[in-house]
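J.: If you scroll down you'll find the structure; I have some questions about it.
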Amino acid sequence: MTGLLDQIVQASLLGGLYAIFALGLAISVGVLKFINVAHGDLIVAMSFLMLTLTESLGLPAPIALAALIPIGAGIGWLLQFGLLQRAASQNELQIILITFGLSVILQNGLLTIYGADTRKVTAGGIELASIHLFGNINIGVLPLIIFATACLLIWALEQLLYRTSLGVKIRAIADAPEAAHLVGLKVAGLMATAMALVGITEAFSGGLMSIWTNFDPSSGSSRLLIAFEVVVLAGLGSFWGVLVGGIIIALAQTFGGMIDSAYQMLAGHVVFLILFLARPQGLFPKA
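First residue of the sequence shown: 347, per the working numbering; consecutive thereafter.
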């Protein structure tokens, strides 16, 4: 019984990482109303940048992660102004095609620079540190920190986008850009600010993922798929729902893996499909 409970606890903590994967996509889809196909590859690019900061520059992992945050924000801001702003005046398909092209470029660029080998960032003793609860149940300090980070990011995004004037403006330009422009809102700047937020979540995702698990230049597609499933399960615009969605997918994968390791990823996809058919609007859609 304690073994099963331990699996549930560990899967729930993994759900925190999945939630961080999905937060940037939740902003893109639920707030900005477009799908960023390069989201997973941008996360992996941040993981490789984290690797460079720790191995080549010798920065401790926490400092390297802190350095990633403004870099991620800057990349998101530049991505919006340099590529997506022009496509936004066209149609959603144009944005999908552009971000798909960016995805291909990122994958091939990372493969050329870093090679195809699997990598992982070393963070010292925190990777093995754990807290004993009871019985055979121990909680890793690193997974606990990542789960707490997910909760903190979700709370911060909820406060910013739904309880500040900046958030109201960002949601207004996404819902009615022409009307927002007519009332004097700086649409381009606000969209770039929103994409900077996406970049920040991608920085957290890539940095934390690089410490928790292995990654390689082709890892982006699987991260994008997990993020997409979590966002759809949550319901558009629901950030706390993203956390629940991440935990559900992680639990499904864990139980599938307990049956057979070959079923681990498949179980997550099957549970997603069942819940999507039952509630296509998501579990916690914003009113």
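For glycine and all other residues, C-beta sits at the position ideal for the given N, C-alpha and C.
Just so we're clear, the structure is a prediction, and the values are computed from it rather than from any experiment.
Would the beta-carbon of D352 fall within 8 Å of that of I546?
T.: As a first step, residue 352 must be located in the sequence shown, where it is residue number 6. As a first step, residue 546 must be located in the sequence shown, where it is residue number 200. For D352 and I546, no; Cβs fall outside 8 Å.
J.: Spell out the partners DSSP gives I620 in its beta bridges.
T.: Residue numbering aside, residue 620 sits at position 274 when the sequence shown is read from its first letter. I620 is not bridged to any residue.
J.: Check whether the stretch 578–589 and the stretch 600–607 touch, using three or more Cβ-Cβ pairs below 8 Å as the test.
T.: Touching, no, given that fewer than three Cβ pairs across the two stretches are closer than 8 Å.
J.: Between I594 and F367, how many whole angstroms is the CB-CB distance? I'm expecting something under 8 Å.
T.: Along the sequence shown, one-based indexing puts residue 594 at 248. Along the sequence shown, one-based indexing puts residue 367 at 21. With 8 Å as the limit, I594 and F367 do not qualify as a contact, their Cβ atoms being about 14 Å apart.
J.: What are the residues that DSSP puts in a beta bridge with R465?
T.: On the sequence shown, position 119 is the one that residue 465 refers to. Note: R465 sits in a beta bridge opposite F561.
J.: Does the count of Cβ pairs from the stretch 395–403 and the stretch 602–619 closer than 8 Å reach three?
T.: Output reads no: the stretch 602–619 does not touch the stretch 395–403.
J.: Throw me the rounded Cβ distance for the I557 and V487 pair, which I believe falls under 8 Å.
T.: Taking the sequence shown and counting its residues from 1, one reaches residue 557 at position 211. Taking the sequence shown and counting its residues from 1, one reaches residue 487 at position 141. So it is not a contact: roughly 11 Å between Cβ atoms.
J.: Return the residue from the list A538, R432, A518, G386 that minimises the CA-CA distance to G553.
T.: Residue 553 sits at position 207 when you count from the first residue of the sequence shown. The candidate whose alpha carbon is nearest that of G553 is G386.
J.: Rounding to the nearest angstrom, what Cα-Cα distance links Q440 and L623 in this structure?
T.: Here residue 440 corresponds to residue number 94 of the sequence shown, with the count starting at 1. Here residue 623 corresponds to residue number 277 of the sequence shown, with the count starting at 1. The alpha-carbon atoms of Q440 and L623 are separated by roughly 28 Å.
J.: What alpha helix (DSSP H) runs, 4 residues minimum, are completely inside the stretch 395–461?
T.: Within the stretch 395–461, the complete alpha helix (DSSP H) runs of at least 4 residues are 407–425, 431–434, 438–460.
J.: Given that a residue counts as buried once 16 or more other Cβ atoms are within 10 Å of its Cβ, and exposed if not, what is I477?
T.: By one-based count along the sequence shown, residue 477 stands at place 131. That one is exposed.
J.: For L479, which three-state DSSP category applies?
T.: As a working note, residue 479 is residue 133 in the sequence shown. L479 falls in the strand class under three-state DSSP.
J.: Have a look at L543, A357, G535 and flag the residue whose alpha-carbon is nearest the alpha-carbon of A502.
T.: Here residue 502 is taken as the residue at index 156 of the sequence shown, counted from 1. Among L543, A357, G535, the Cα nearest to that of A502 belongs to L543.
J.: Okay, do the stretch 375–385 and the stretch 442–453 touch, 3+ Cβ pairs below 8 Å being the bar?
T.: Flag = yes, the stretch 375–385 and the stretch 442–453 touch.
J.: My understanding is that A413 touches A469, with C-beta atoms under 8 Å, so please give their C-beta distance in whole angstroms.
T.: Here residue 413 refers to the residue found at position 67 of the sequence shown. Here residue 469 refers to the residue found at position 123 of the sequence shown. Contact doesn't hold; Cβ gap of about 15 Å is too wide.
J.: What distance in whole Å lies between the Cβ atoms of E548 and G418, which are believed to be in contact at a cut-off of 8 Å?
T.: On the sequence shown, position 72 is the one that residue 418 refers to. On the sequence shown, position 202 is the one that residue 548 refers to. Rounded, the Cβ-Cβ distance is 5 Å, consistent with contact.
J.: Taking 8 Å as the cut-off, decide whether the C-beta atoms of A365 and A496 are in contact.
T.: The residue given as residue 365 occupies position 19 in the sequence shown. The residue given as residue 496 occupies position 150 in the sequence shown. Yes, they are a contact pair.
J.: With the cut-off set at 8 Å, would you say L360 and I500 are in Cβ contact?
T.: As a first step, residue 360 must be located in the sequence shown, where it is residue number 14. As a first step, residue 500 must be located in the sequence shown, where it is residue number 154. Contact: no.
J.: What did DSSP end up calling I381 once you bin it into helix, strand or coil?
T.: Translated into the one-based positions of the sequence shown, residue 381 becomes position 35. I381 falls in the coil class under three-state DSSP.
J.: Within a Cβ cutoff of 6 Å, which residues of the same chain sit near L371, ignoring the five residues on either side of it in sequence?
T.: Mapped onto the sequence shown, residue 371 falls at position 25. H385, A573, V577.
J.: Using DSSP with H/G/I as helix, E/B as strand and the rest coil, what is G628?
T.: By one-based count along the sequence shown, residue 628 stands at place 282. If DSSP states are grouped into helix, strand and coil, G628 belongs with coil.
J.: Specify the secondary structure class of G614 as computed by DSSP and reduced to three states.
T.: On the sequence shown, residue 614 is found 268 positions in, with the first residue counted as 1. DSSP places G614 in helix when its eight states are reduced to three.
J.: Should I519 and V529 be called a contact, given that it needs their Cβ atoms to be closer than 8 Å?
T.: In the sequence shown, the residue the question calls residue 519 occupies position 173. In the sequence shown, the residue the question calls residue 529 occupies position 183. In this structure, V529 does not lie closer than 8 Å to I519 by Cβ.
J.: Assuming I516 contacts V377 under a Cβ cut-off of 8 Å, what Cβ separation, rounded to an integer in Å, is found between them?
T.: Counted from its first residue, the sequence shown places residue 516 at position 170. Counted from its first residue, the sequence shown places residue 377 at position 31. Their Cβ separation, rounded to whole angstroms, is 7 Å, which keeps I516 and V377 in contact under 8 Å.
J.: Between which residues of its own chain and H527 is the CB-CB distance below 7 Å, once the five residues before and five after are set aside?
T.: Sequence index remark: in the sequence shown, residue 527 carries index 181 (1-based). The answer, listed in chain order, is V533.
J.: Out of M537, L629, G628, A357, point me to the one whose CA is closest to I492's CA.
T.: For the purposes of this step, residue 492 is identified with residue 146 of the sequence shown, where counting begins at 1. Minimum Cα distance to I492 is reached at A357.
J.: Measure the C-alpha to C-alpha separation of L506 and W586 and round it to an integer number of angstroms.
T.: Translated into the one-based positions of the sequence shown, residue 506 becomes position 160. Translated into the one-based positions of the sequence shown, residue 586 becomes position 240. Those two C-alpha atoms are separated by around 14 Å.
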